[in-house]
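Novice:
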Amino acid sequence: MRYQSARERLKFTWLMAALTMLGPFSIDTYLPAFPAMQAALPATEVQMQLTLTVYFIGFAVVSLFHGAISDSIGRKPVIVGTLCVHAAASVGCALSGTIESLLLFRGLQGCFAGAGFVVGRAVVRDIFAGDEAQRQLSRIQMLFGLAPIVAPILGGWMVAHMAWPSIFWFLGAFAAMLAAWSALSLPESHPVERRLPLAIKPLTRTYSRIFFNKTFQTLAAIPSINFIGFFAYIAGAPAFLIGHLSLTTKDFAVFFIPSIAGITLAAYCSGRFAGRVSHARQMNAGFAIMGVAAVVNLLVSAFLPPRVIWNIPPIALYAFGMALVTPCVSLKLLDAFSTARGTASALQSSAQVAMMAVTTAFIVPFAQVSVLRFSIVMLASVAVGAAIWKLYQIGHPAQESNEVA
41 MRYQSARERL KFTWLMAALT MLGPFSIDTY LPAFPAMQAA LPATEVQMQL TLTVYFIGFA
101 VVSLFHGAIS DSIGRKPVIV GTLCVHAAAS VGCALSGTIE SLLLFRGLQG CFAGAGFVVG
161 RAVVRDIFAG DEAQRQLSRI QMLFGLAPIV APILGGWMVA HMAWPSIFWF LGAFAAMLAA
221 WSALSLPESH PVERRLPLAI KPLTRTYSRI FFNKTFQTLA AIPSINFIGF FAYIAGAPAF
281 LIGHLSLTTK DFAVFFIPSI AGITLAAYCS GRFAGRVSHA RQMNAGFAIM GVAAVVNLLV
341 SAFLPPRVIW NIPPIALYAF GMALVTPCVS LKLLDAFSTA RGTASALQSS AQVAMMAVTT
401 AFIVPFAQVS VLRFSIVMLA SVAVGAAIWK LYQIGHPAQE SNEVA
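Using the numbering used here, read the sequence shown as starting at 41 and increasing by one per residue.
Below, the structure written as structure tokens:
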């Protein structure tokens, strides 16, 4: 199937972007409500961080199956079904009266939040090829960038004017709306003749073939590790923004708007680069920008007192460089496993979300002590990510020299 008219492609782009937005909305909308939830449930600061961790664990584990199931029964049933369960889990969160029940339903939310992102990426590659696939992914990323801006602002407004459960009622309504939209408008992009058998042995072989492939391991590691340097600030936003920069829950936009503006601008640039700039050159530029941002961030964090005016811009610049790298590496990975794109996409997403779980559980507690520690995490992330990318280039010299985006 191909979208012939610009209007059809635009509708498809908005639907795919909306599906990817559910994840960041489920993460970022309730961050400003942490203090209110901690007092109401009641819960400790560590227990509130666990509501993020269990979400990411559920996302990482169950996302492994979203892609494989979509390779077997089609993309559309998986997307619609998981959205319905996510809506129900959101209602459970809203009705939770204890931290234990909230943790249970947050874990359930995480289990079913990833299908739109994981399977949606496979849908894009099913329908579009080459330069148009890169343009579509870039446009989706550009629109997706609105979610982390809107989510904490909306959450801050809700917690200021309504009780914290209103946030989860909103998430339930959003998931239900997406389920209806997908059921009515989403095409089935994975034809029956291309589907893989949903049986344990073939499924295990497919997972093993992809997971233990060095190309997959390398390409999945790059965006996952890069994202740590940015995500540490998101997961640690209460400590970074309120504790160190002396902001309030209503001021979260001060961090999110510049950062997501960087991601959105990079997505626009990536779409313009398609067919003109090689993936390798675009990724090299992205890593160079991230490196500059991380070094500047380390210097201002080490030698200047915490201030919005110089602590926020390096994060936005890092996000810009990171977003130049991500669409290129995602396309490389999907093209490397064209017969099982859903499974490959699921494994990539699970790897990234597993890294996010590690970040919330171990890296954020280390980083939130000071702005300097946050900057150390960023520098370490780009250094490791760049090293892995360089090793990939050394191992694939012919591909990198001949490829044009």
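No residue lacks a Cβ here, since even glycine has one placed at the ideal position from N, Cα and C. Quantities reported herein were computed from a predicted structural model and do not represent experimental measurements.
Using the Cα positions of residue 418 and residue 424, report the straight-line distance between them to the nearest angstrom.
Specialist: Rounded to whole angstroms, residue 418 to residue 424 spans 10 Å at the Cα level.
Novice: Touching or not, the stretch 286-305 and the stretch 191-198, by the rule of three or more beta carbon pairs under 8 Å?
Specialist: Touching, yes.
Novice: Could you please give the first and the last residue of the uninterrupted alpha helix (DSSP H) stretch that includes residue 254?
Specialist: That run of the alpha helix (DSSP H) goes 254-275.
Novice: Taking Cβ to Cβ, would you say residue 299 is nearer than 8 Å to residue 356?
Specialist: Yes; because the gap between Cβ atoms is below 8 Å, this pair is in contact.
Novice: Looking at C-beta atoms only, is the number of pairs between the stretch 91-106 and the stretch 152-166 that lie closer than 8 Å three or more?
Specialist: Counting Cβ pairs under 8 Å, three or more are found: they touch.
Novice: Between residue 55 and the rest of its own chain, which residues show a CB-CB distance below 8 Å, the 5 nearest in sequence each way excluded?
Specialist: Around residue 55: 221, 222, 225, 226.
Novice: Could you check if residue 21 is buried or exposed, using at least 16 other CB atoms within 10 Å of its CB as the buried criterion?
Specialist: A question about residue 21 goes unanswered here, because the residues of the chain that appear run from 41 up to 445.
Novice: For residue 83, I'd like the list of residues in its chain whose CB is within less than 6 Å of its CB, leaving aside the five on either flank, ordered along the chain.
Specialist: If we look at residue 83 and ignore the five residues flanking it on each side, its Cβ neighbours are 139.
Novice: Using alpha carbons as the reference points, say which of 206, 146, 121, 110 lies closest to residue 129.
Specialist: Checked all of 206, 146, 121, 110; the closest Cα to residue 129 is 146.
Novice: Could you tell me the alpha carbon to alpha carbon distance between residue 286 and residue 350, rounded to whole angstroms?
Specialist: C-alpha separation (whole angstroms): 14 Å.
Novice: Please determine, among 296, 262, 239, 218, the residue with the shortest C-alpha to C-alpha distance to residue 69.
Specialist: It is 296 whose Cα lies nearest to the Cα of residue 69.
Novice: Among 180, 360, 405, 102, whose alpha-carbon lies nearest the alpha-carbon of residue 89?
Specialist: Considering only alpha carbons, the answer is 405.
Novice: Which residue wins for smallest C-alpha separation from residue 276, given the options 86, 45, 80, 63?
Specialist: Nearest of 86, 45, 80, 63 to residue 276, Cα basis: 86.
Novice: Just the Cα atoms here: how many angstroms apart are residue 353 and residue 244?
Specialist: The straight-line gap from Cα to Cα measures roughly 45 Å.
Novice: Taking buried to mean at least 16 other C-beta atoms within 10 Å of its own C-beta, is residue 343 buried or exposed?
Specialist: By the 10 Å Cβ count, residue 343 comes out exposed.
Novice: Touch check for the stretch 318-326 and the stretch 356-368: three-plus C-beta pairs under 8 Å?
Specialist: Touching, yes, given that three or more Cβ pairs across the two stretches are closer than 8 Å.
Novice: Apply the 10 Å Cβ neighbour rule to residue 378 and answer buried if 16 or more other Cβ atoms are within range, or exposed otherwise.
Specialist: The residue in question, residue 378, is exposed, as its Cβ has fewer than 16 Cβ neighbours within 10 Å.
Novice: Please tell me whether residue 204 and residue 301 are closer than 8 Å, where the distance is taken between their beta carbons.
Specialist: Cβ distance not < 8 Å, so residue 204 and residue 301 don't count as in contact.
Novice: Identify, in the order they occur along the chain, each residue of the same chain with its Cβ nearer than 7 Å to the Cβ of residue 118, setting aside the five sequence neighbours on each side.
Specialist: Closer than 7 Å at the Cβ level, and outside the excluded window around residue 118, lie 106, 109, 110, 155, 159.
Novice: Would you mind reading off the limits of the alpha helix (DSSP H) that contains residue 63?
Specialist: Residue 63 -> alpha helix (DSSP H) spans 46-68.
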